[in-house]
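Some notes on the structure that comes next.
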Amino acid sequence: MWKPRSSLRAVVAGLVAVGASVVLAPQAAANSFTETLGDATGETITVTYNDGDDQFCVNYAPSKVRGYYTVELRPDNPRRGPSHTFDVIQGKGTKCVSLARAYEDTHYSYKLVSNWWDYGGTSFYS
Numbered sequence: 137m138w139k140p141r142s143s144l145r146a147v148v149a150g151l152v153a154v155g156a157s158v159v160l161a162p163q164a165a166a167n168s169f170t171e172t173l174g175d176a177t178g179e180t181i182t183v184t185y186n187d188g189d190d191q192f193c194v195n196y197a198p199s200k201v202r203g204y205y206t207v208e209l210r211p212d213n214p215r216r217g218p219s220h221t222f223d224v225i226q227g228k229g230t231k232c233v234s235l236a237r238a239y240e241d242t243h244y245s246y247k248l249v250s251n252w253w254d255y256g257g258t259s260f261y262s
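So the sequence shown is numbered by the numbering used here: it starts at 137 and just counts up by one.
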């Protein structure tokens, strides 16, 4: 025999459980950052990640020393997103790559490599 009160209780309990799971589910954190690196020669490199646009960018500002850096950007787990390796030439503007194909909150690390200096940069979540 169908009992309206029992069915209503089951429906209400189910809605409360679904509502709680939506409210209590962890939200993806905005992980945007800007990091500026420099040295005594006036060399300045700016690394940015815009989480909203999924853009990782590097700018190597002009200075007295002419050069370039190779940027190596890698996810900790290669199945969770793309890897990128690209050169940034001093004074030639900002170079950006997309992480739009990466799973949300994939852990990435980047490294800047030149023939005189290596920098293992900040790790972040896409």
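All C-beta atoms, glycine included, are put in the ideal place defined by N, C-alpha and C.
Determine which residues share a DSSP beta bridge with K231 and list them. V194
Alpha carbon to alpha carbon, what distance is there between Y196 and W252? 15 Å
If you follow the beta strand (DSSP E) that K247 is in, where does it begin and where does it stop? 243-249
Taking the straight line between their C-alpha atoms, what separation do you get for P218 and R237? 7 Å
Can you name the start and end residues of the beta strand (DSSP E) that V224 belongs to? 220-225
Would you mind stating whether Y205 and V233 have Cβ atoms separated by less than 7 Å? no
From G256, L248, Y244, D254, residue whose alpha carbon lies closest to that of S168: Y244
Using only CA atoms, which one of H220, T172, Y239, T242 lies nearest to L209? H220
In chain order, what residues of the same chain have a beta carbon less than 6 Å from the beta carbon of R215, not counting five sequence neighbours either side? none
Could you tell me the distance, in whole angstroms, from the CA atom of L235 to the CA atom of D187? 9 Å
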